[in-house]
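Numbering (my numbering), first residue to last: 18 to 129.
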């Protein structure tokens with residue numbers, strides 16, 4: 018699974034990425050400079066931001082979303098997700114970076 022959000026600057030993006038990596042919610046996060054054009058409170062905005070492209074698995078999406086919303090600097094952070102195909106080698110590596118799958122019948126551990 019891929020999840021995407023943006024942060025105001027590189028420092029905030031790295032801080033958020035580090036927190037998510039430390040919690041084993043993501044295998045990898047790519048940080049990309051972007052320019053976002055959008056309307057906010059009736060005003061047209063043109064902002065430089067840092068996009069976070071996060072690689073995770075479906076069972077961690079809810080916990081990842083909660084962590085992003087809890088620690089994000091924006092009032093209303095962008096949150097997009099979509100399924101992706103990956104090579105078997107990359108998928109296997111990514112699984113080893115993430116929290117272990119819960120035992121059947123156990124709920125995914127809450128985000129600290």
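Backbone N, C-alpha and C fix where the C-beta goes; we use that ideal spot for every residue, glycine too.
Being a predicted model, the structure only gives us computed values, none of them experimental.
For this session: Quick one: using the 10 Å Cβ neighbour count with 16 as the cut-off for buried, is residue 106 buried or exposed?
Result: The residue is exposed, with fewer than 16 neighbouring Cβ atoms inside 10 Å.
For this session: Can you have a look at residue 6 and say buried or exposed, based on whether 16 or more other CB atoms are within 10 angstroms of its CB?
Result: Nothing about residue 6 can be reported from this structure: the residues present for the chain run from 18 to 129 only.
Problem set entry | C-alpha distance - residue 36 paired with residue 64, whole-angstrom precision | 24 Å
For this session: Identify whether residue 74 lies in helix, strand or coil by the three-state DSSP scheme.
Result: coil
Problem set entry | Under the three-state DSSP convention, the category residue 91 falls into | coil
Exercise. Are residue 99 and residue 19 closer than 7 Å when you measure CB to CB?
Worked result: yes
Exercise. Is it a yes or a no for the segment 73 to 91 touching the segment 53 to 62, going by three-plus beta-carbon pairs under 8 Å?
Worked result: no
For this session: Check residue 99 in the structure and name its three-state DSSP category.
Result: strand
Exercise. What are the boundary residues of the beta strand (DSSP E) that residue 21 is part of?
Worked result: 19 to 24
Exercise. Where residue 113 and residue 72 are concerned, what is the direct C-alpha to C-alpha distance, given to the nearest angstrom?
Worked result: When rounded, the distance between both Cα atoms is 12 Å.
Exercise. Where residue 82 and residue 21 are concerned, what is the direct C-alpha to C-alpha distance, given to the nearest angstrom?
Worked result: Between residue 82 and residue 21, the C-alpha separation is close to 10 Å.
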